[in-house]
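The numbering used here numbers the first residue of the sequence shown as 1279 and each following residue consecutively. For glycine and all other residues, C-beta sits at the position ideal for the given N, C-alpha and C. Read the structure below first, then the notes.
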Amino acid sequence: MNLSDSIARNLHQHLVQIADMKTQIDRGPRQVKAAQLQVETAKDTLQKCKDSIKQKKMDADRKQLQLREREAKIHEWEGKMNAAKNNREFQAIKEQIAADSQANSVLSDEILEILEEIDSLQIESKGLEEKLKLIEADKVKTEATISQKLAGLNVDLERVEGSLAVLEKDLPADFVVLYKRLVTNRGEDSMAALDDVSCGGCYTGLPPKILDSLRKEQATPCPSCGRLLYRPER
Ligand SMILES: [Zn+2]
1279 MNLSDSIARN LHQHLVQIAD MKTQIDRGPR QVKAAQLQVE TAKDTLQKCK
1329 DSIKQKKMDA DRKQLQLRER EAKIHEWEGK MNAAKNNREF QAIKEQIAAD
1379 SQANSVLSDE ILEILEEIDS LQIESKGLEE KLKLIEADKV KTEATISQKL
1429 AGLNVDLERV EGSLAVLEKD LPADFVVLYK RLVTNRGEDS MAALDDVSCG
1479 GCYTGLPPKI LDSLRKEQAT PCPSCGRLLY RPER
């Protein structure tokens, strides 16, 4: 089975190019998906922040209501204090007012703390909104770039595949069988250039018999990995 080095080289170049383009074409949708996922993640983070603000506002409202109710009660006690029938009753009311005032003081500290938390969450939320806008813009850009790149790659792939088909048409009939079987199973890995006296695919040293048959430009597989060998351009 004769196979000239130049034809073998040309075949392998085509196979490598096709494999490379297919890898790039496969990568496209994954890159788009990754960009979309980033948008989803940013949206989730923003939503969680907004939910937290809403929750804290409800907490603050509830505590403020409680505070006002207790204030009204204190006011009521104060009215009763003046109408106390004796000192014991007066003291009891006074103690009640002191206890409620203390409780309200704790409560208003809590409310203040929650309001401060809401403030910082609102700043965070604004930052997250800005970030989301940037990520969304990036996603749109990525989608456009990838779609343009894919269109170009598909055109190139078609061209190289067409050129390979032309090359394959002229291959010796006995060689085509072996070649097709290898390419179907291994694609670009079906061939390898000689690397000095080793196989350029698996780096195993080759016996003189193989090197000799390569010198005669015969289709020769590597005894170790099975790749079809050819001599590189010198
Ligand atoms: Zn090999």
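Given this structure, state the Cα-to-Cα distance separating D1397 from E1391, to the nearest angstrom.
Cα-Cα distance, rounded: 10 Å.
Determine the extent of the alpha helix (DSSP H) in which Y1457 is found, giving its start and end residues.
A1451 to R1464 is the extent of the alpha helix (DSSP H) around Y1457.
Identify the continuous beta strand (DSSP E) that holds A1471 and give its terminal residues.
For A1471, the enclosing beta strand (DSSP E) has its first and last residue at M1469 to D1473.
Assign M1299 to one of two classes, buried (16 or more other C-beta atoms within 10 Å of its C-beta) or exposed (fewer than that).
Counting other Cβ atoms within 10 Å of its Cβ, M1299 reaches 16 or more and is therefore classed as buried.
So, do the stretch 1341 to 1358 and the stretch 1368 to 1388 have three or more beta carbon pairs nearer to each other than 8 Å?
Result yes; three or more Cβ-Cβ pairs closer than 8 Å.
Classify I1401 as buried or exposed, calling it buried when 16 or more other Cβ atoms lie within 10 Å of its own Cβ.
It is exposed - the Cβ of I1401 has fewer than 16 other Cβ atoms within 10 Å.
So is T1482 buried or exposed if we call it buried at 16+ other beta carbons inside 10 Å?
By the 16-neighbour rule on beta-carbons within 10 angstroms, T1482 is exposed.
Return yes when the C-beta of S1502 is under 6 Å from any heavy atom of ligand 1, and no when it is not.
Remark: the C-beta of S1502 is in contact range of ligand 1, defined as less than 6 Å to any heavy atom.
Per the contact definition of three or more C-beta pairs closer than 8 Å, is the stretch 1330 to 1338 in contact with the stretch 1416 to 1435?
Two segments are said to touch when three or more pairs of C-beta atoms, one from each, lie closer than 8 Å; by this definition the stretch 1416 to 1435 does not touch the stretch 1330 to 1338.
Of the listed residues A1497, A1422, T1301 and P1501, nearest to S1282 (C-alpha basis)
It is A1497.
Provide the residue span of the alpha helix (DSSP H) that contains L1345, from first to last.
Where L1345 is concerned, the enclosing alpha helix (DSSP H) stretches over D1283 to N1360.
Assign E1318 to buried or exposed, taking buried as 16 or more other Cβ atoms, counted over all protein chains shown, within 10 Å of its Cβ.
E1318 comes out exposed.
Is G1483 close to ligand 1? I mean its beta-carbon at under 6 Å from any heavy atom of the ligand.
Not so, every heavy atom of ligand 1 lies at least 6 Å from the Cβ.
From the DSSP secondary-structure annotation, give me the bridge partner or partners of S1476.
As computed with DSSP, S1476 is found in a beta bridge with D1473 and G1483.
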